[in-house]
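Chains as they are written, first to last, in the numbering used here: chain A, 6 to 147; chain B, 71 to 498.
The beta-carbon is built from N, C-alpha and C at its ideal position, and this holds for glycine as well.
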């Protein structure tokens, strides 16, 4: 399954204050572990909401609202995309992250029932993919 | 802790810790005691202790280190017993005491050894050529992916006892052959790596071409293989083919949800809804391919990934760079010649340079015994013949292909196309 790990904004992140070198280093090391374990698919940090925009939809009206937005704790400062076996595994990995100081990080399951699940029906096999998987299998036997 | 819900939560956490830590734990122990079977036993013993204690004490802050310490104590006990036996043997044999390196000290030295290539050593051991392919697969999934024997059995549609025996025998073979648990020397590396990559791709294909869709475990093998591949890429940064294999798997996996229609019918690459491709995986695949190329050229996996990438880069089927694909198939045919590669080359040539060019490659394959019962040969020839306006021959070929395939949905598709040829003949 895939999860999105959502890092909430803080006064520092909203203020555009960059983390200290040690934290950058620790985070870099942590990311490296995630990559080496084969579970990190993507991850980015986001700019402060003062550089963000919102668009409000009301009937046909579109209203653009400029940041910053008030509710700091509900804002997102960054995210990871992980491929894990279970929510428990995601939690165990997240526990190893170098956060501190009352930070709260959220894990949410990503809906992707189709990916490796339901759409796999019997009789899928042979004819797809311009034969590539056939190549691999037969080439090995050849 | 008597609350069952809380206990369930602890067991979930222990499961997760095991998934994360077991491969490293076993790898490190195997390096210490020189035996993957014994290493797994020691690691399992430590897990049993955790299962007894953690529900009471809670999961420790650093569960990996806790498990390692518990397993280490057992390893030392084991080696002490072993050493005493050794001494007794020596005394009987020589009638005197013999000084030898202190195994306990060796273990302690191994524990502080910062070199992190234990995992690599374990992968090369479980994929060792001394083992039969199916034994390599079972042992790798067990020790590296942390799958249970039951899970492996279900994934490969076989019985638990078969897998159990396969694993037991594999461990014994490794012990008796005295295979050192470490990455191979540079001279053996290409051949040994080939064996590792093959195992990973085999696991991937087992999930990718799953016929038993009701069982989620088979498709989940794709994830296990991808993870193994990515781990390998992290450990062997400089090996081009590792990145090539990862690229191939990422791009193929990106198409999983577009490959079948609502009724389970296969959808050919060119007919797939490209917006349903998983673009995160496509991007990861293309990046992995770049790494393969920048590390010195294209091996068979990277070449196949490069072909897959040509399709991934085309926003519509018409934008596909078929000329480049023919060049890649030429290279693949040189590197790993096979009739199936030739058949694909024929398709690519027909798309790039017209049907006559394709037919020139496809026709000689009619005499190829390996393709004698392969329905895609007549199917491909039918496509090319139809493009040349030879509808009657195309119809015959489609009917031949339909008779060869064992897949009912596919047979229907082929017979439908054969009927279409009839109409075109009438129209011509």
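Asked: Against chain A: residues of the segment 82-99 of chain B by CB proximity under 8 Å; Found: 82, 83, 85, 86, 87, 89, 90
Asked: Burial state of residue 185(B), where buried means 16 or more other Cβ atoms lie within 10 Å; Found: Note that residue 185(B) scores 46 on pLDDT, short of 50, meaning its location in the model is unreliable; the coordinates nonetheless yield the value given after this. By the 10 Å Cβ count, residue 185(B) comes out exposed.
Asked: Residue burial classification, residue 338(B) (beta-carbon count within 10 angstroms, cutoff 16); Found: exposed
Asked: Minimum C-alpha distance to residue 473(B) - residue among 448(B), 385(B), 463(B); Found: 448(B)
Asked: Backbone secondary structure at residue 130(B) - three-state DSSP; Found: coil
Asked: Contact with chain A by residue 185(B), beta-carbon distance below 9 Å; Found: Note that residue 185(B) has pLDDT 46, beneath the 50 cutoff, so the model's placement of it is unreliable and no number is given.
Asked: Nearest to residue 303(B) (by Cα), restricted to the options 219(B), 190(B), 484(B); Found: 190(B)
Asked: Partner residues on chain B for residue 93(A), Cβ-Cβ distance less than 7 Å; Found: 82, 83, 85, 86
Asked: Closest residue to residue 374(B) among 294(B), 359(B), 343(B), 385(B) (Cα-Cα distance); Found: 359(B)
Asked: Residue 96(A) at chain B interface by Cβ criterion, 9 Å; Found: yes
Asked: Contact belief for residue 419(B) with residue 396(B) at Cβ below 8 Å, rounded distance in angstroms; Found: 5 Å
Asked: Pick from 322(B), 342(B), 299(B) that is closest to residue 331(B), judged by C-alpha positions; Found: 342(B)
Asked: Where residue 6(A) sits in the DSSP three-state scheme; Found: coil
Asked: Buried versus exposed, by CB contacts within 10 Å (16 or more), residue 28(A); Found: exposed
Asked: Spatially closest choice to residue 41(A) from 455(B), 245(B), 301(B), by CA coordinates; Found: 301(B)
Asked: Close beta carbons around residue 59(A), own chain, < 6 Å, minus the five adjacent residues each side; Found: 70
Asked: Proximity winner among 51(A), 95(A), 103(A), relative to residue 20(A) (alpha-carbon distances); Found: 51(A)
Asked: Neighbourhood of residue 148(B) by C-beta, 8 Å cutoff - its chain only, sequence neighbours within 5 removed; Found: 103, 108, 112
Asked: Chain B residues whose Cβ lies nearer than 9 Å to that of residue 44(A); Found: 297, 300
Asked: Validate contact between the segment 8-26 of chain A and the segment 101-112 of chain A using beta carbons, cut 8 Å, 3 pairs; Found: yes
Asked: Contact residues within the segment 302-314 of chain B, judged by C-beta distance below 9 Å to chain A; Found: 302, 303, 304, 305
Asked: Beta-bridge partners of residue 66(A), as assigned by DSSP; Found: 63(A)
Asked: Beta-carbon gap between residue 355(B) and residue 312(B) smaller than 9 Å; Found: no
Asked: Contact residues within the segment 60-82 of chain A, judged by C-beta distance below 7 Å to chain B; Found: none
Asked: Segment contact, 8 Å Cβ cut-off, at least three pairs: the segment 226-242 of chain B with the segment 256-269 of chain B; Found: no
Asked: C-beta neighbour in chain B for residue 90(A), strict 9 Å; Found: yes
Asked: Three-state class that DSSP yields for residue 353(B) in the structure shown; Found: helix
Asked: Chain-ordered chain B contacts of residue 86(A) [CB-CB under 8 Å]; Found: 350
Asked: Rounded distance between the beta-carbons of residue 456(B) and residue 491(B), thought under 8 Å; Found: 7 Å
Asked: Beta-carbon gap between residue 76(A) and residue 11(A) smaller than 9 Å; Found: no
Asked: Bridge partner(s) assigned by DSSP for residue 45(A); Found: 87(A)
Asked: Any C-beta of chain A under 9 Å from that of residue 354(B); Found: yes
Asked: Start-to-end residues for the alpha helix (DSSP H) that takes in residue 320(B); Found: 310-323
Asked: Expected contact under 8 Å - CB spacing of residue 24(B) and residue 198(B) to nearest Å; Found: What the structure shows of chain B is the stretch from 71 to 498, and residue 24(B) is not part of that stretch, so it cannot be assessed.
Asked: Assumed close pair residue 87(B), residue 133(B) - CB separation to whole angstroms, cut-off 8 Å; Found: 4 Å
Asked: Residues near residue 320(B) by beta carbon distance below 8 Å, same chain, minus five either side; Found: 296, 351, 352, 354, 355, 358
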